[in-house]
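J.: As given, the protein sequences belong to chains V and W, one line each in that order. Taking the numbering used here, the leading residue of the first sequence gets 89, the next gets one more, and so forth. Taking the numbering used here, the leading residue of the second sequence gets 89, the next gets one more, and so forth.
There are 2 protein chains.
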Amino acid sequence: MNLPDPIKNFIDHFSKLPSIGPRQATRLSFFIINSGKKEIEEIKKSFEELEKMDICEDCFFVFMPKNNADKKCNICSDNQRNHKIIAVVEKETDLISLEKTNKFNGVYFIVGNLQKNGMLGVEQKNRLTKLKNRITKELGGQAEEIIVAINPTTYGDFNATILSKELKDFTKKITRLGRGIPTGGEIEFADEDTLGNALERRI
Amino acid sequence: MNLPDPIKNFIDHFSKLPSIGPRQATRLSFFIINSGKKEIEEIKKSFEELEKMDICEDCFFVFMPKNNADKKCNICSDNQRNHKIIAVVEKETDLISLEKTNKFNGVYFIVGNLQKNGMLGVEQKNRLTKLKNRITKELGGQAEEIIVAINPTTYGDFNATILSKELKDFTKKITRLGRGIPTGGEIEFADEDTLGNALERRI
Numbered sequence: 089m090n091l092p093d094p095i096k097n098f099i100d101h102f103s104k105l106p107s108i109g110p111r112q113a114t115r116l117s118f119f120i121i122n123s124g125k126k127e128i129e130e131i132k133k134s135f136e137e138l139e140k141m142d143i144c145e146d147c148f149f150v151f152m153p154k155n156n157a158d159k160k161c162n163i164c165s166d167n168q169r170n171h172k173i174i175a176v177v178e179k180e181t182d183l184i185s186l187e188k189t190n191k192f193n194g195v196y197f198i199v200g201n202l203q204k205n206g207m208l209g210v211e212q213k214n215r216l217t218k219l220k221n222r223i224t225k226e227l228g229g230q231a232e233e234i235i236v237a238i239n240p241t242t243y244g245d246f247n248a249t250i251l252s253k254e255l256k257d258f259t260k261k262i263t264r265l266g267r268g269i270p271t272g273g274e275i276e277f278a279d280e281d282t283l284g285n286a287l288e289r290r291i
Numbered sequence: 089m090n091l092p093d094p095i096k097n098f099i100d101h102f103s104k105l106p107s108i109g110p111r112q113a114t115r116l117s118f119f120i121i122n123s124g125k126k127e128i129e130e131i132k133k134s135f136e137e138l139e140k141m142d143i144c145e146d147c148f149f150v151f152m153p154k155n156n157a158d159k160k161c162n163i164c165s166d167n168q169r170n171h172k173i174i175a176v177v178e179k180e181t182d183l184i185s186l187e188k189t190n191k192f193n194g195v196y197f198i199v200g201n202l203q204k205n206g207m208l209g210v211e212q213k214n215r216l217t218k219l220k221n222r223i224t225k226e227l228g229g230q231a232e233e234i235i236v237a238i239n240p241t242t243y244g245d246f247n248a249t250i251l252s253k254e255l256k257d258f259t260k261k262i263t264r265l266g267r268g269i270p271t272g273g274e275i276e277f278a279d280e281d282t283l284g285n286a287l288e289r290r291i
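1) Applying the criterion that 16 or more other CB atoms from any shown protein chain within 10 Å of the CB defines a buried residue, is M207/W buried or exposed?
2) Using a Cβ-Cβ distance under 9 Å, would T249/V count as near chain W?
3) If you check the beta carbons only, do I95/W and S123/W fall under 9 Å apart?
4) Locate the alpha helix (DSSP H) running through V210/W, then write down its first and last residues.
5) In whole angstroms, what separates the C-alpha of G266/W from that of I121/V?
6) Would DSSP call T114/W helix, strand or coil?
7) Could you check if E211/W is buried or exposed, using at least 16 other CB atoms within 10 Å of its CB as the buried criterion?
8) Under DSSP, the alpha helix (DSSP H) around E233/V begins and ends at which residues?
9) Short check: CB of K234/W to CB of I173/W, under 9 Å?
10) Opposite V150/V in the DSSP bridges: which residues?
11) Nearest to T282/V by alpha carbon, out of I269/V, R290/V, R289/V and E276/V?
12) Distance cutoff 9 Å, beta carbons only. Does E139/V sit that close to anything in chain W?
13) Contact criterion: CB-CB distance below 9 Å. Does N156/V meet it with respect to chain W?
14) What three-state label does DSSP hand A278/W in the structure shown?
15) Quick one: which unbroken beta strand (DSSP E) runs of 3-plus residues sit fully inside the segment 166-211 of chain V? Chain order, please.
16) If you compare alpha carbons, which of N221/W, L183/W and K125/W is closest to T114/V?
17) In three-state DSSP terms, what is T259/V?
18) Any beta carbon from chain W within less than 9 Å of D146/V's own beta carbon?
19) Step through the CB atoms of chain V and report whether any lies within less than 9 Å of the CB of E178/W.
20) What are the partner residues of R264/V, as DSSP defines its beta bridges?
21) Would H101/W pass as an interface residue toward chain V - the criterion being a Cβ-Cβ separation below 9 Å?
22) Quick one: what's got a C-beta closer than 7 Å to N201/W's C-beta in the same chain, skipping five residues either side?
23) Starting from V236/V, find everything on chain W with Cβ-Cβ shorter than 9 Å and list it in chain order.
24) What does P92/V touch in chain W if you count any residue whose Cβ is under 8 Å from its own?
25) Measure how close the beta-carbons of T263/V and A231/V come, nearest whole angstrom, since I'm counting them as under 8 Å.
26) Exposed or buried, what is E137/W when buried is set at 16 or more other beta-carbons lying within 10 Å of its beta-carbon?
27) Are any of the Cβ atoms in chain W nearer than 9 Å to that of P106/V?
28) Suppose the cutoff is 8 Å on Cβ atoms and the five residues either side in sequence are ignored; what does the same chain contact list for K261/V look like?
29) Assuming C147/V contacts F197/V under a Cβ cut-off of 8 Å, what Cβ separation, rounded to an integer in Å, is found between them?
30) If you count every other CB in all the chains shown that lies within 10 Å of the CB of N205/W, and 16 or more means buried, which is it?
31) Counting only Cβ pairs nearer than 8 Å, list the residues of chain W close to M207/V.
32) Do you know how far the Cα of E130/V is from the Cα of D93/W?
33) Taking 9 Å as the threshold (beta carbon to beta carbon), is I120/W in contact with chain V?
34) Nearest to V236/V by CA position, among E254/V, P106/V and E226/V, is which residue?
35) Just the C-alpha distance for Q112/V and S107/W, rounded to the nearest angstrom, thanks.
36) So which residues on chain W does T114/V lean against when the C-beta distance must stay under 9 Å?
What follows is the structure, given as structure tokens:
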């Protein structure tokens with residue numbers, strides 16, 4: 089059966105968003121139509137609000153600019169933080185997770201979604217160039233420490249190696265996040281790789 | 089860490105949509121901001137389009153009204169279809185699936201998402217009252233057949249019984265969809281319930 093154009097359009101658009109497939113987009117369209125015009129207006133408004141957000145020129149995290157001259161996020165414009173220690177993360181949600189620990193007083197750098205083919209994308213390369221330029225200009229050529237905070241997965245390890253190679257000349261020290269048994273986890277149920285890493289990196 | 093208000097707002101709104109949780113909504117917000125203002129405008133437009141849709145007064149399926157007087161969907165306004173045979177489905181996507189078979193020439197009635205407590209919601213009751221009134225007025229009090237096309241799950245069976253009880257006085261015949269081994273399925277891998285049903289309903 090032929091669905092009406094507005095629904096087809098909506099499905100086309102929403103299927104492109106991450107982790108939303110055509111089936112979920114279809115269900116969403118029906119749910120939204122049934123919610124009524126007032127609800128649709130509210131959703132539209134929430135998109136309008138997103139348009140006001142900007143992306144930090146230093147770390148690429150999103151932020152709400154106070155005025156037109158405002159180009160940096162709260163973290164990057166915070167003088168209390170150590171700008172010589174930079175945590176390189178893949179995405180915004182990783183930054184949020186690290187920030188929630190309250191254990192990191194450095195700054196961040198979001199490199200953007202990494203590919204699985206062992207190559208850096210155009211966007212990643214551009215961002216890294218900006219980071220290198222900033223380190224050269226603001227930190228005299230070398231950061232104190234760059235933490236390559238990429239997921240400890242097969243692809244993550246691969247990409248972390250590439251990033252470390254790219255950045256090694258721009259920092260005195262390059263580190264990755266510790267690996268081992270998650271806090272609250274049990275040895276009995278840890279997989280071999282995790283346990284192996286926990287052994288190798290024993291403290 | 090405190091997320092900016094526009095993002096919090098967006099997450100609040102989107103987490104309310106079916107099968108979108110706060111984590112997915114968070115990732116979505118970052119993805120959308122990074123997509124840029126043009127993409128946000130396009131998404132907003134696709135919501136505006138949805139506002140033009142209406143809900144059929146007979147079957148509650150969504151449709152694109154040709155003018156203000158247009159109150160019925162394509163199926164319900166099609167005189168070639170048998171309006172005396174009514175398939176009661178839970179949701180729009182079930183209607184679409186049945187319609188795709190090209191094996192049904194009757195009309196539909198979307199009762200709306202059924203609860204799991206064995207009670208009909210207010211919305212369901214209102215819709216059923218409208219269906220009963222229509223059968224009384226347009227079909228002389230009884231349909232030829234009502235197919236209670238509700239999922240053959242535990243809750244679905246339960247709800248189908250409730251719906252059958254509600255509708256039995258308004259139809260000459262009340263049926264459910266056939267049950268058995270799915271076409272292409274193998275006896276060896278069918279679960280006991282499915283196989284039991286296939287035996288009981290052998291043809």
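In this text, a Cβ means the ideal position worked out from N, Cα and C, and glycines have one as well.
T.: Checking against the coordinates, here is how it stands:
1) Looking at its Cβ environment, which holds fewer than 16 other Cβ atoms inside 10 Å, M207/W is exposed.
2) It does not; no Cβ of chain W falls within 9 Å.
3) Not in contact: I95/W and S123/W (Cβ atoms no closer than 9 Å).
4) Residues V210 to E226.
5) Spanning the alpha carbons of G266/W and I121/V requires a straight line of approximately 31 Å.
6) Here T114/W sits in helix by DSSP.
7) Burial is judged here by how many other beta carbons sit within 10 angstroms of a residue's own beta carbon; E211/W has fewer than 16 and is exposed.
8) From DSSP, E233/V is part of no alpha helix (DSSP H) but of the beta strand (DSSP E) over A231 to A237.
9) Looking at the sequence provided, one finds Ile at residue 234/W rather than Lys. Yes, the pair counts as a contact, with Cβ atoms nearer than the cut-off.
10) Answer is I143/V.
11) Considering only alpha carbons, the answer is I269/V.
12) Taking Cβ atoms only, chain W reaches closer than 9 Å to E139/V, which makes this a yes.
13) Answer no: the Cβ-Cβ gap between N156/V and chain W never drops below 9 Å.
14) In the three-state scheme derived from DSSP, where H, G and I count as helix and E and B as strand, A278/W is classed as coil.
15) Unbroken beta strand (DSSP E) runs of no fewer than 3 residues, entirely contained in the segment 166-211 of chain V, are found at 173-177 and 195-198, following chain order.
16) Measuring from the Cα of T114/V, the nearest candidate turns out to be L183/W.
17) Reduced to three states, the DSSP call for T259/V is strand.
18) Not an interface residue.
19) Not one chain V Cβ lies under 9 Å of E178/W.
20) R264/V pairs with V236/V.
21) Between H101/W and chain V, the shortest Cβ-Cβ separation is below 9 Å.
22) E178 and K179, listed in sequence order.
23) By Cβ distance, chain W contributes nothing, its closest Cβ being about 20 Å from V236/V, past 9 Å.
24) Neighbourhood of P92/V in chain W, by CB distance below 8 Å: M141, V150, F151 and M152, in chain order.
25) Between A231/V and T263/V the Cβ distance is about 11 Å, and since that is not below 8 Å, they are no contact.
26) By the 10 Å Cβ count, E137/W comes out buried.
27) Interface with chain W (9 Å Cβ-Cβ cutoff): P106/V is included.
28) Only E232, E233 and I234 meet the Cβ criterion.
29) In this structure C147/V touches F197/V by the C-beta definition: roughly 5 Å separates them, less than 8 Å.
30) Residue environment for N205/W: exposed (fewer than 16 other C-beta atoms within 10 angstroms of its C-beta).
31) Listed by position along chain W, the residues whose Cβ is nearer than 8 Å to that of M207/V form an empty set, because the closest Cβ is around 20 Å away.
32) The C-alpha of E130/V is placed about 15 Å away from the C-alpha of D93/W.
33) True, the Cβ-Cβ gap to chain V drops below 9 Å.
34) Proximity to V236/V across E254/V, P106/V and E226/V peaks at E254/V, based on C-alpha coordinates.
35) Cα-Cα distance, rounded: 8 Å.
36) Near T114/V (Cβ distances below 9 Å), the residues of chain W are E180, T181 and I184.
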